[in-house]
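Student: The structure's right below; bear with me while I get my questions together.
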Amino acid sequence: MPTDRNDSILIVENEPLIAMDLEAMLASAGFHGVTHVVSCEAAMLWLEQSSPRLAILDLQVADGTTTPVAESLRDARTPFVIYSGHSREDAARAGVFDHAVWLPKPCTEGDLVAAVHRALGLPLG
19 MPTDRNDSIL
29 IVENEPLIAM
39 DLEAMLASAG
49 FHGVTHVVSC
59 EAAMLWLEQS
69 SPRLAILDLQ
79 VADGTTTPVA
89 ESLRDARTPF
99 VIYSGHSRED
109 AARAGVFDHA
119 VWLPKPCTEG
129 DLVAAVHRAL
139 GLPLG
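Per this note's numbering, the sequence shown starts with residue 19, numbered consecutively.
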């Protein structure tokens with residue numbers, strides 16, 4: 019059970035350059051406290067100790083799909099964005115992704131910020 023609730027953002031992405039780009043865009047938009055992990059296993063371990071305000075997940079990372087991470091986030095009522103080169107149809111069988119905000123790779127900073135705002139229920143302006 020997570021022991022702290024904060025304004026951190028968890029990124030689950032196994033491509034370091036993509037994760038660094040996301041972190042830079044988030045920081046530029048005023049979002050800080052970003053944690054990056056490269057696998058589902060690392061994400062699940064992190065989630066045992068922390069509870070992010072939001073997560074950004076690639077659909078597929080080195081150790082498989084991020085379905086277990088998405089299920090954990092859903093159960094904790096933590097919003098998440100899927101940032102992937104895969105389409106929503108690729109994940110249609112795993113209903114856990116149905117209510118996620120989808121953002122195709124690559125994206126602009128404006129697209130990322132809009133997706134984060136949608137996921138968090140914040141105004142876009």
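Using N, Cα and C, we set each Cβ at its ideal position, and we do this for glycine too. All values reported here derive from a predicted model rather than from experimental measurement.
Would you check if there are 3 or more beta carbon pairs closer than 8 Å linking the stretch 74-82 to the stretch 26-33?
Tutor: Touching, yes.
Student: Please report the distance separating the alpha-carbon of Val-55 from that of Glu-127.
Tutor: Against the sequence shown, residue 55 aligns to sequence position 37. Against the sequence shown, residue 127 aligns to sequence position 109. Their Cα atoms are separated by approximately 21 Å.
Student: Let me check one thing: in DSSP terms, what residues is Leu-28 bridge-paired to?
Tutor: Taking the sequence shown and counting its residues from 1, one reaches residue 28 at position 10. DSSP output for Leu-28 lists Thr-53 and Ala-73 as bridge partner(s).
Student: Would you decide whether Glu-41 is buried or exposed? Buried here means 16 or more other CB atoms lie within 10 Å of its CB.
Tutor: Position 23 of the sequence shown, counted from the first residue, corresponds to residue 41. Buried.
Student: For Ser-46, which three-state DSSP category applies?
Tutor: Here residue 46 refers to the residue found at position 28 of the sequence shown. The answer is helix: DSSP assigns Ser-46 an H, G or I state.
Student: Should Leu-138 be listed as close to the ligand ZN, given that the test is whether its C-beta is under 7 Å from any heavy atom?
Tutor: Of the ligands one can find in the structure shown there are none, so the ligand ZN has no counterpart to examine.
Student: Among Ala-47, Arg-92 and Ser-69, which one has its Cα closest to the Cα of Ser-53?
Tutor: Within the sequence shown, numbered from 1, the residue matching residue 53 stands at position 35. The sequence given here has Thr at residue 53, not Ser. Selected option, being the one with the closest Cα: Ser-69.
Student: In whole angstroms, what separates the C-alpha of Arg-23 from that of Phe-98?
Tutor: Numbered from 1 along the sequence shown, position 5 holds the residue referred to as residue 23. Numbered from 1 along the sequence shown, position 80 holds the residue referred to as residue 98. The pLDDT assigned to Arg-23 is 40, lower than 50, so where the model puts this residue is not dependable; a value taken from the coordinates is nonetheless given after this. Rounded to the nearest angstrom, the two C-alpha atoms are 15 Å apart.
Student: So, for Thr-84: in the same chain, excluding its five sequence neighbours on each side, which residues have a beta-carbon less than 7 Å away from its beta-carbon?
Tutor: One-based indexing of the sequence shown puts residue 84 at position 66. Counting only Cβ-Cβ distances below 7 Å, and skipping sequence neighbours, we find Val-30, Cys-58, Leu-75, Asp-76 and Leu-77.
Student: Taking all protein chains shown into account, decide if Ala-45 is buried (16 or more other Cβ within 10 angstroms of its Cβ) or exposed.
Tutor: Residue numbering aside, residue 45 sits at position 27 when the sequence shown is read from its first letter. Looking at its Cβ environment, which holds fewer than 16 other Cβ atoms inside 10 Å, Ala-45 is exposed.
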